[in-house]
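What follows is one structure encoded as structure tokens, with my remarks underneath.
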Amino acid sequence: MGQITLTFPDGNQRAVEAGTTPAEIAASISNSLAKKAISAQVNGRHFDLQWPITEDASIAINTMKDDAPALELIRHDLAHIMARAVQALWPDVKVTIGPVIENGWYYDFDRAEPFTPEDLGQIEAKMKEIINARDPVRTEIWDRARAIKHYEDNDEPYKVELVGMIPEDQQIRMYWHGEWQDLCRGPHLQHTGQVPGDAFKLMKVAGAYWRGDSNRPMLQRIYGVGFRTRQELKDYLTFLEEAEKRDHRRLGREMDLFHLQEEAPGQIFWHPNGWKIYTTLQDYMRRQQERDGYVEVNTPQVVDRKLWEKSGHWDNYQENMFIVEVDEDHARQKAVNALKPMNCPCHVQIFNQGLKSYRDLPLRMAEFGSCNRYEPSGALHGIMRVRGFTQDDAHIFCTEDQIEAEAKKFIDFLAKIYADLGFENWRVKLSTRPEKRIGSDESWDRTEAALGSACRAAGYEYEINEGEGAFYGPKLEFVLRDAIGRDWQCGTLQVDPNLPERLDASYIGADGEKHRPIMLHRAVVGSFERFIGILIENYAGKLPFWLAPRQVVVASIVSDADAYVQEVVAALRAAGVRAEADIRNEKINYKVREHSLAKVPVILAIGQREVEERTVSVRRLGDTRTETAAFDGLLAHLAAEARAPDLA
RNA sequence: GCUGCUGUAGCUCAGUGGUAGAGCACUCCCUUGGUAAGGGAGAGGUCGACAGUUCAAUCCUGUCCAGCAGCACCA
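Residue numbers (the numbering used here): 2 to 649.
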């Protein structure tokens, strides 16, 4: 074997035999590094310490101090250790795959009986045993036939299938954690003892389809989370608790915003408080749209199937539609209708009324469109995923040449709104042509490029979402990051030449000929229902003053203050502040507690002193201090604060 | 839709093969109290729905409905 040259992070170089492993390199540097080493970066690739280096390379030895490789290895080894533990406890369980995911890993098993929460405890204990045993991790490359025979002999049908799926030009690698063997591309740690035994936890069991295909058998997936230290695990569990406290379903009840009930699954009963948020947001959006050159329309809920057949929804989307059949006895003729799941076909109907000129384009047609979709029961989730919802929907009818400018205009529009709503942290994804698509490659080239340059023109970087576009055109997706780091896809802009074609939309061009417009489907918040859920969770219920359903509660301390309380409430309301009086026969402590829990932003307390001095005692949500203020001055201040950001 | 779990008072949850309990909330009474629960009394339930087993079912069995977690879905 020849010599190769290794370059270290400090720039030093060393010539070694080809086939030297990172483990040997680490050992040659120091004993302690050999022990601490977990893996290596070889030419930037994450390398197992046992893999031979066969060409000139840059090399860096990783230890637990290197965040990304450390976490990946810990979680990956935990996946193997868990699978080993499961097979040790129940030898007839079939293993499948077990990848690393955010914060942890999962492993899918095939087992006749369901895993129980008690089983998880048992598995965890067995995993700790394996970790304490400090079993060595060993790897080998096998040829395909041997791997298949091995798994056939061991009655592991899923693994046989996996081996079969590995491309011909790829090596088939086996790993051993102690005596337990698994097919795996690696890399892994040196021995099981390198996994922190007190920084992982098995979280839950759930069903998952084999290879993500709902036509294939359902396996049992065990999820775990794993970190380097006990503290990191604790922090993560604390984060989960925080997310739980922010759950919009819980806050929706506590703040008396809405409820759902069995008789209308996936549809929302909005209570006065929740509906106030909704209408405040909608009024705000309407003002924005009017300012940005949209016209607002409204279209029917129940529409004959003939239109859905033309639009293509009948063939492609019927499963998700509420179909309405009117009985012959009650209808003059039997008709099959569907509740609209989308507004676009109806908007084209409006566009199609009368002749349109190129001078009418771009035509921005908006609707707060109420839609109903028969979402699969398992998809429903609070007010975030529902069957009845309203979109801030609009369709921009334009020419292909106008796409870029319209897209840019839309991004500016959306950025302003997100900022007003308190979301400064968001990113853009450009979804490109999928495998199954219509339209020529040239037109995909043009429209993808138009969206990309619109982003750049608006000053935003974007990531590519390869192959995730709709079958008819590319799209931009806008993803918000909330206060605790969770991502929500809300805004979207989709290029659609298909629907105008199917529904025969046209305009007369400067040349006097008929032309086909392009449609841009676009939304900023997506659905109001879901977006309000996101707002609630983002703010943990403590909405900005202008969005808070009850902005001020004026609470009496003694009943002699009642008349002044009512006067203050009346003055606040006259100034456009949503205020309520609380003159119940309760102590101020009780009232403060109750309104604080209900997330009312401002409590004004009024006792004898305030009555005499015409002042109020002000307490802001989240602040235990109080401050006495002259009411007249405060009134102007609160009135200003109550105005939406675009009116301030 | 699939897998697993759950469904008892408005909310959070105990409980039992012989038709039910707590805390908070609610109503009334006492208390007028200065910034996160003052005291007392009272009212409140077809134990998710429908079948079956049983002398007897909220409890056991089955079907359905809804919710939760994950998967699949989100033209």
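Built from N, CA and C at the ideal position, the CB exists for glycine as well.
Exercise for review: Let me know the alpha helix (DSSP H) ranges lying completely inside the region 441 to 519, each 4 residues or longer, listed in chain order.
Suggested key: Within the region 441 to 519, the runs of alpha helix (DSSP H) that reach at least 4 residues and sit entirely inside it are, in chain order, 442 to 459 and 499 to 503.
Review point. Which residues mark the beginning and the end of the beta strand (DSSP E) in which L7 is found?
Key: Sequence index remark: in the first sequence, residue 7 carries index 6 (1-based). Per DSSP, L7 belongs to the beta strand (DSSP E) from Q4 to T8.
Exercise for review: Tell me whether N13 is buried or exposed, calling it buried when 16 or more other Cβ atoms sit within 10 Å of its Cβ.
Suggested key: Taking the first sequence and counting its residues from 1, one reaches residue 13 at position 12. It counts as exposed.
Exercise for review: Look at A209 and D109 and say whether their C-beta atoms are less than 8 Å apart.
Suggested key: As a working mapping, residue 209 is identified with position 208 in the first sequence. As a working mapping, residue 109 is identified with position 108 in the first sequence. With respect to D109, A209 sits close: the two C-beta atoms are nearer than 8 Å.
Review point. Hey, how far is the Cα of N317 from the Cα of F472?
Key: Sequence index remark: in the first sequence, residue 317 carries index 316 (1-based). Sequence index remark: in the first sequence, residue 472 carries index 471 (1-based). Inter-residue distance for N317 and F472 is about 12 Å (C-alpha atoms, whole angstroms).
Exercise for review: Using a threshold of 8 Å, state whether the C-beta atoms of C345 and H396 are closer than that.
Suggested key: Mapped onto the first sequence, residue 345 falls at position 344. Mapped onto the first sequence, residue 396 falls at position 395. For the pair C345 and H396, the CB atoms are nearer than the 8 Å cut-off.
Exercise for review: Under the assumption that R306 contacts N338 (Cβ atoms under 8 Å), give the Cβ distance between them as a whole number of angstroms.
Suggested key: On the first sequence, residue 306 is found 305 positions in, with the first residue counted as 1. On the first sequence, residue 338 is found 337 positions in, with the first residue counted as 1. That pair is a contact at about 7 Å.
Point to revise | 8 Å contact criterion, which L74 and H189 should meet: CB distance rounded | key: Reading the first sequence from its first residue, position 73 is the one you call residue 74. Reading the first sequence from its first residue, position 188 is the one you call residue 189. About 6 Å separates the two Cβ atoms, so the contact holds.
Check your understanding: From what residue to what residue does the alpha helix (DSSP H) around Y237 run?
Key -> Against the first sequence, residue 237 aligns to sequence position 236. R231 to R247 is the extent of the alpha helix (DSSP H) around Y237.
Check your understanding: Who are the near neighbours of D483 in its chain, counting only those whose CB is closer than 6 Å to its CB and skipping five residues on each side?
Key -> Here residue 483 corresponds to residue number 482 of the first sequence, with the count starting at 1. Taken in chain order, the residues that qualify are N539.
Practice item. Would you identify the three-state DSSP class for G534, choosing helix, strand or coil? Key: Residue 534 sits at position 533 when you count from the first residue of the first sequence. Helix, per DSSP.
**Study point:** Coarse secondary structure for P301, derived from DSSP in three states
**Key:** Within the first sequence, residue 301 is the residue found at index 300, counting from 1. Of the three classes helix, strand and coil, the one that applies to P301 here is coil, per DSSP.
Check your understanding: Taking buried to mean at least 16 other C-beta atoms within 10 Å of its own C-beta, is S432 buried or exposed?
Key -> Here the question's residue 432 lines up with position 431 in the first sequence. By the beta-carbon neighbour count (other beta carbons within 10 angstroms, threshold 16), S432 is buried.
Check your understanding: Buried or exposed: which applies to Q172, given that a residue is buried once 16 or more other Cβ atoms fall within 10 Å of its Cβ?
Key -> Position 171 of the first sequence, counting from 1, holds the residue named residue 172. By the neighbour-count definition (other C-beta atoms within 10 Å, threshold 16), Q172 is an exposed residue.
Practice item. In angstroms with no decimal places, state the Cα-to-Cα distance between E153 and L184. Key: Indexing the first sequence from 1 puts residue 153 at position 152. Indexing the first sequence from 1 puts residue 184 at position 183. Here the alpha carbons of L184 and E153 stand approximately 13 Å from one another.
Review point. Can you give the Cα-Cα distance for A549 and K543, rounded to whole angstroms?
Key: The count along the first sequence starts at 1 and reaches residue 549 at position 548. The count along the first sequence starts at 1 and reaches residue 543 at position 542. Whole-angstrom Cα-Cα distance: 8 Å.
Practice item. Give the DSSP-derived three-state secondary structure of R222 in the structure shown. Key: On the first sequence, residue 222 is found 221 positions in, with the first residue counted as 1. Here R222 sits in strand by DSSP.
**Study point:** Integer-rounded CB distance, given that A408 should sit under 8 Å from L494
**Key:** Your numbering for residue 494 matches position 493 in the first sequence. Your numbering for residue 408 matches position 407 in the first sequence. Yes, L494 and A408 are in contact; Cβ-Cβ is about 6 Å, under 8 Å.
Point to revise | CA-to-CA distance, A630 to T300, given in whole angstroms | key: Position 299 of the first sequence, counted from the start, is the residue given in the question as residue 300. Position 629 of the first sequence, counted from the start, is the residue given in the question as residue 630. About 50 Å.
Review point. How about the region 109 to 118 and the region 211 to 221: do they share at least three Cβ pairs that are nearer than 8 Å?
Key: Yes, the region 109 to 118 touches the region 211 to 221.
Check your understanding: Count the other CB atoms within 10 Å of the CB of I39; is the residue buried (16 or more) or exposed (fewer)?
Key -> By one-based count along the first sequence, residue 39 stands at place 38. Around the C-beta of I39, 16 or more other C-beta atoms lie within 10 Å, and the residue is accordingly described as buried.
Check your understanding: Bridge partners of T627, per DSSP?
Key -> Against the first sequence, residue 627 aligns to sequence position 626. Paired residues: none, contrary to the question.
Review point. Is the Cβ-Cβ distance between V578 and A640 less than 8 Å?
Key: Start at 1 with the first residue of the first sequence, and residue 578 comes out as number 577. Start at 1 with the first residue of the first sequence, and residue 640 comes out as number 639. In contact: V578 and A640 (Cβ atoms closer than 8 Å).
Review point. For Q123, which residues of its own chain have a beta-carbon under 8 Å away from its beta-carbon, when the five flanking residues on both sides are left out?
Key: The sequence position of residue 123 within the first sequence is 122, counting from 1. Residues L90 of the same chain have their beta carbon placed closer than 8 Å to that of Q123, with the five preceding and five following residues left out of the count.
Check your understanding: Nearest to E469 by CA position, among R438, A86, M256 and I509, is which residue?
Key -> Along the first sequence, read from residue 1 onward, the residue named residue 469 stands at position 468. With distances taken between Cα atoms, E469 lies closest to R438.
Check your understanding: Do H192 and V138 have their CB atoms nearer than 8 Å?
Key -> Within the first sequence, numbered from 1, the residue matching residue 192 stands at position 191. Within the first sequence, numbered from 1, the residue matching residue 138 stands at position 137. Yes; because the gap between Cβ atoms is below 8 Å, this pair is in contact.
Review point. Taking the continuous alpha helix (DSSP H) assigned at R574, which residues delimit it?
Key: Residue numbering aside, residue 574 sits at position 573 when the first sequence is read from its first letter. Boundaries of the alpha helix (DSSP H) around R574: D563 to A575.
Check your understanding: In whole angstroms, what is the alpha-carbon distance linking T117 and D199?
Key -> Translated into the one-based positions of the first sequence, residue 117 becomes position 116. Translated into the one-based positions of the first sequence, residue 199 becomes position 198. Roughly 22 Å separates the two Cα atoms.
**Study point:** Bridge partners - C399, DSSP secondary structure assignment
**Key:** Taking the first sequence and counting its residues from 1, the one referred to as residue 399 is at position 398. Residue pairing by DSSP places C399 opposite I519 in a beta bridge.
Check your understanding: Opposite W106 in the DSSP bridges: which residues?
Key -> Position 105 of the first sequence holds residue 106. Under DSSP, W106 shares a beta bridge with V101 and G225.
Practice item. Check whether the Cβ atoms of D413 and A459 lie closer than 8 Å to each other. Key: To locate residue 413, count along the first sequence from 1; it is residue 412. To locate residue 459, count along the first sequence from 1; it is residue 458. Here D413 is near A459, since their CB atoms are less than 8 Å apart.
Review point. What residue from E464, R621, D402 and G227 has the CA that sits closest to I102's CA?
Key: Here the question's residue 102 lines up with position 101 in the first sequence. Checked all of E464, R621, D402 and G227; the closest Cα to I102 is G227.
Review point. Can you pull the DSSP bridge partners for S432?
Key: Locating residue 432 in the first sequence gives position 431, counting from the first residue. Partner(s): N466 and K476.
Point to revise | Supposed close pair G294, G275 - CB separation, criterion 8 Å | key: For the purposes of this step, residue 294 is taken as the residue at position 293 of the first sequence. For the purposes of this step, residue 275 is taken as the residue at position 274 of the first sequence. The Cβ separation is near 31 Å, so there is no contact.
Exercise for review: Name, in chain order, the residues that DSSP records as bridge partners for Y152.
Suggested key: For this step, residue 152 is matched to residue 151 along the first sequence. Among the bridge pairs identified by DSSP, Y152 is matched with none.
Check your understanding: Rounded to the nearest angstrom, how far is the Cβ of P53 from that of T21, given a contact under 8 Å?
Key -> For the purposes of this step, residue 53 is identified with residue 52 of the first sequence, where counting begins at 1. For the purposes of this step, residue 21 is identified with residue 20 of the first sequence, where counting begins at 1. Confirmed, Cβ separation roughly 7 Å.
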